[in-house]
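**Q** For the sequence shown, the UniProt record's numbering puts the final residue at 206, and the numbers step up evenly by one.
I'd like to ask some things about the structure below.
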Amino acid sequence: MAIALDHLAVSAETLDGGVAHVETALGVALAPGGRHPDMGTHNRLLSLGPDLYLEVIAVDPAAAPPKRRRWFGLDGFAGPPRMTNWILRSDALDDDLAAAPPGSGDPLDLARGDLRWRMAVPCDGLLPFDGASPALLQWHCADHPARRLPDSGCRLKALVIEHPEAAELATAWPALMTLPDVLLRQGPTLRLTASIETPHGRRSLS
1 MAIALDHLAV SAETLDGGVA HVETALGVAL APGGRHPDMG THNRLLSLGP DLYLEVIAVD
61 PAAAPPKRRR WFGLDGFAGP PRMTNWILRS DALDDDLAAA PPGSGDPLDL ARGDLRWRMA
121 VPCDGLLPFD GASPALLQWH CADHPARRLP DSGCRLKALV IEHPEAAELA TAWPALMTLP
181 DVLLRQGPTL RLTASIETPH GRRSLS
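Okay, structure coming up:
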């Protein structure tokens with residue numbers, strides 16, 4: 001069983017507000033994304049390499065209300081845009097989900113355009129450890145979505161996840177400690193910070 005960092009999620013009250021937050025912080029333009037009809041959300045994307053990307057995600061005001069709680073706690077999201085979640089990809093979702101902390105979600109078959117994937121989504125939309133615990137997905141499409149994006153010249157150098165129970169998360173899911181460039185650190189509250197090399201030098205995004 002192997003897990004790897006797949007993408008980072010920046011949540012926002014509005015998609016335009018989230019895009020402005022990321023573009024100001026990194027100095028690069030985001031690419032188009034799409035809509036998630038099963039979740040009532042939409043996104044914009046930024047390549048961080050051939051197998052890694054960043055998404056800005058928000059409730060889609062034009063979408064019909066979903067039949068379940070939205071992922072990433074977006075039903076209750078408020079405040080300025082910020083990085084709220086990190087997502088791992090798996091080659092064996094059911095097996096890796098069994099090793100994840102309780103409450104990591106139930107697998108759902110999802111789609112956006114011609115992209116297909118299976119993802120574990122908690123029934124209340126909230127991942128364990130206040131969202132410090134990552135989400136899990138398994139792609140079912142020929143190309144990773146990052147390979148469809150224009151190369152932004154941005155590359156992730158480090159991802160720091162701070163939480164009061166960081167040590168407990170590491171104990172509950174030891175495989176997280178094997179991920180390169182990912183650091184779980186004790187902090188007063190949940191905070192995700194990405195160090196990203198951009199065409200304008202090293203930038204920080206949280």
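Glycine residues also receive a C-beta, built at the ideal position from the N, C-alpha and C atoms.
What you are looking at is a predicted structure, and each value in this text was computed from that prediction instead of being measured.
#1: Enumerate in chain order the residues of its own chain whose CB-to-CB distance from residue 150 is below 8 angstroms, with the five nearest sequence positions on each side excluded.
#2: In this structure, how does DSSP classify residue 197 when only helix, strand and coil are distinguished?
#3: Tell me where the beta strand (DSSP E) around residue 106 begins and ends.
#4: Going by alpha carbons, who is nearest to residue 132 out of 172, 199 and 50?
#5: If you draw a straight line from the C-alpha of residue 111 to the C-alpha of residue 199, how long is it?
#6: Rounded to the nearest angstrom, what separates residue 109 and residue 40 at their Cα positions?
#7: Look at the alpha carbon of residue 10 and the alpha carbon of residue 84, and state the distance between them as a whole number of angstroms.
#8: What does DSSP give as the partner residue(s) for residue 119 in the beta ladder?
#9: Note down, in chain order, each residue of its chain lying with its Cβ closer than 8 angstroms to the Cβ of residue 193, except the 5 sequence neighbours on either side.
#10: Considering just the uninterrupted stretch of the beta strand (DSSP E) at residue 17, what are its terminal residues?
**A** From the atom records:
#1: For residue 150, where only same-chain residues beyond five positions count, the Cβ hits under 8 angstroms are 31 and 47.
#2: Assignment of residue 197 by DSSP, reduced to helix, strand and coil, places it in the strand class.
#3: Taken as a continuous stretch (DSSP letters only), the beta strand (DSSP E) holding residue 106 covers 106-112.
#4: The candidate whose alpha carbon is nearest that of residue 132 is 172.
#5: C-alpha separation (whole angstroms): 32 angstroms.
#6: Residue 109 and residue 40: Cα-Cα distance of roughly 15 angstroms.
#7: Cα to Cα, residue 10 sits roughly 6 angstroms from residue 84.
#8: Beta-bridge partners of residue 119 (DSSP): 108 and 137.
#9: Answer for residue 193: 83, 159, 160, 162, 204, 205 and 206, listed in chain order.
#10: Note, residue 17: premise wrong, no beta strand (DSSP E); alpha helix (DSSP H) at 15-26.
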